[in-house]
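Here the sequence shown stands for residues 11 to 352, numbered as in the numbering used here.
In what follows, a structure is listed as structure tokens, so that the remarks can point back to it.
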Amino acid sequence: MNYYRPNVPLRDLISEEDRTRTPKLIILDGPYTRELFAGQPELFMVAVEVGEDRTIDDLKKVKESSPYAELLFFINSPSNDFFEIFRPENISDLRLMPKSAYTKEWNTFVPRDDAFHARLWAGSRMIGCLNLTNLRNTTEPPVMIPEDVYWLSVMRDLHFEYRALPFVLGGTLLGWRRECALIPHTTDMDIATFEDEFPMALIEDAINMRGERLRLHRVIGKPGDSYEATFSVTTQRGTTFTIDLFTMYRDPAKRCCYTTIVYGPPAYKKYRDEYPWFEADFCTANLHGYVFHVPCDPDAILEADYGKNWTADRPSKGYRYGPNLVWNGNYGTKGAELVRFF
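Given below as structure tokens:
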């Protein structure tokens, strides 16, 4: 079945060797069925794949004669796990969408879950990193390499399966924003999810999973109170690191958001890492070719965590928490029951 009407000049965008093939499309919005898409294209917002050598004027001409509700364009780089989607009239408004959010039907990428896809699209605007030259003030050996980000993308996709939208935080957010990379001497990665969508079912399912490379290591706290989970990763080269899953809580009275930390016995003290209030509307970031969600004002979050001089490198060993750490009570003798190892 040919999805495209013959009067649509999409063939102008296709390379010579591909001219006999239907161009690849992404369905961005619309009540998709194959028949409806073929018969009523005006119901759909789509993006068509183009090569990087096409001019903006070329794309604008194609868009003017498009039968779709809106026509956008995308670049599909094999080295990235996301599509780069843009409008030719506003090229700076680049959108990053994870390839894992789609399934392929014929030559069309279709959302796996329409409702969740709408959330991903709403938070898909890309923001850049600073790419600062950072002179390390530590001799700590590197632990992480860029390829390790793959495991964070696995954790991201696991969240997607449970309709949860995670975002990077802590040292992972710092490394991306400051130097467009993982901080090599850190020993963990950090992501968070707001309390109302934290994937508790993922944690319960992970208790019964014993993956060779990725497994649940520890759970701290309880739902609604200082909840955190840690996964352990063993890489193919034999190194290990952890991925911390934080719950992001809201405190309307103080107009702040916060994650939590629990220190061990005997008191099992609870602390809050407090951040400026922000809603669950996010932007996207490119970290070593993988897309992750980030707060749209990352600098405000980083200043809360690390102070005004947050761009300076800090040793991972002996790191002291920032000025946003606030005591939040003690678990006391019940604390031992709320720290579980697997």
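By construction, the Cβ of each residue, glycine as well, lies at the ideal position given by its N, Cα and C atoms.
Extent of the continuous alpha helix (DSSP H) run through residue i
i, result
"Y160", "V159 to E171"
"F54", "Unbroken run through F54: none, as it is neither H nor E."
"V72", "I66 to E74"
"W337", "It is not in any alpha helix (DSSP H) - W337 instead sits in the beta strand (DSSP E) that spans L335 to N340."
"G231", "Premise fails: G231 lies in the beta strand (DSSP E), L224 to K232, not in any alpha helix (DSSP H)."
"T182", "G180 to E189"
"R129", "D124 to A132"
"A314", "P308 to Y316"
"E289", "Premise fails: E289 is in no alpha helix (DSSP H) and is neither H nor E."
C-beta contact flag for residue i and residue j at 7 Å
i, j, result
"P51", "K70", "no"
"E284", "C306", "no"
"G345", "Y281", "no"
"V304", "F170", "no"
"R187", "P308", "yes"
"A111", "Y172", "no"
"S236", "R225", "no"
"S87", "T294", "no"
"F251", "D200", "no"
Burial state of residue i, where buried means 16 or more other Cβ atoms lie within 10 Å
i, result
"F351", "exposed"
"R223", "exposed"
"D91", "buried"
"V159", "buried"
"D124", "exposed"
"R31", "Residue confidence for R31 is low, a pLDDT of 49 falling below 50, so the modelled location carries little weight; the figure read from the coordinates is stated next. With fewer than 16 Cβ atoms within 10 Å of its Cβ, R31 is classed as exposed."
"A216", "buried"
"T270", "buried"
"A128", "exposed"
"R360", "The structure shown has nothing for residue 360, since the chain only spans 11 to 352."
"G231", "buried"
"L130", "buried"
Rounded C-alpha distance that separates residue i from residue j
i, j, result
"T257", "T203", "5 Å"
"V58", "F84", "6 Å"
"L179", "T118", "34 Å"
"G138", "R220", "37 Å"
"E94", "W337", "43 Å"
"G181", "F47", "44 Å"
"I37", "L162", "26 Å"
"G342", "L348", "10 Å"
"L192", "A322", "15 Å"
"F96", "G339", "48 Å"
"T245", "E157", "10 Å"
"P209", "A174", "6 Å"
"K34", "N334", "47 Å"
"L82", "K73", "8 Å"
"K109", "F302", "12 Å"
CB-CB length for residue i against residue j, believed under 8 Å
i, j, result
"D261", "T240", "The pair is not a contact, with the Cβ atoms about 24 Å apart (cut-off 8 Å)."
"L106", "M136", "5 Å"
"M154", "P194", "5 Å"
"W320", "L104", "In fact, because the Cβ distance is near 25 Å, the residues do not count as touching under 8 Å."
Boundaries of the beta strand (DSSP E) in which residue i is found, first to last residue
i, result
"F302", "Y300 to P305"
"E7", "Absent from the model: residue 7. The displayed extent of the chain is 11 to 352, so no value can be given."
"P108", "N100 to P108"
"D215", "Run containing D215: none in the beta strand (DSSP E); it sits in the alpha helix (DSSP H), M210 to I217."
"Y273", "From DSSP, Y273 is part of no beta strand (DSSP E); its letter is neither H nor E."
"E115", "Y112 to E115"
Residue i: CB within 6 Å of a non-hydrogen atom of the ligand ADP
i, result
"E214", "This structure simply doesn't include the ligand ADP, nor any ligand for that matter."
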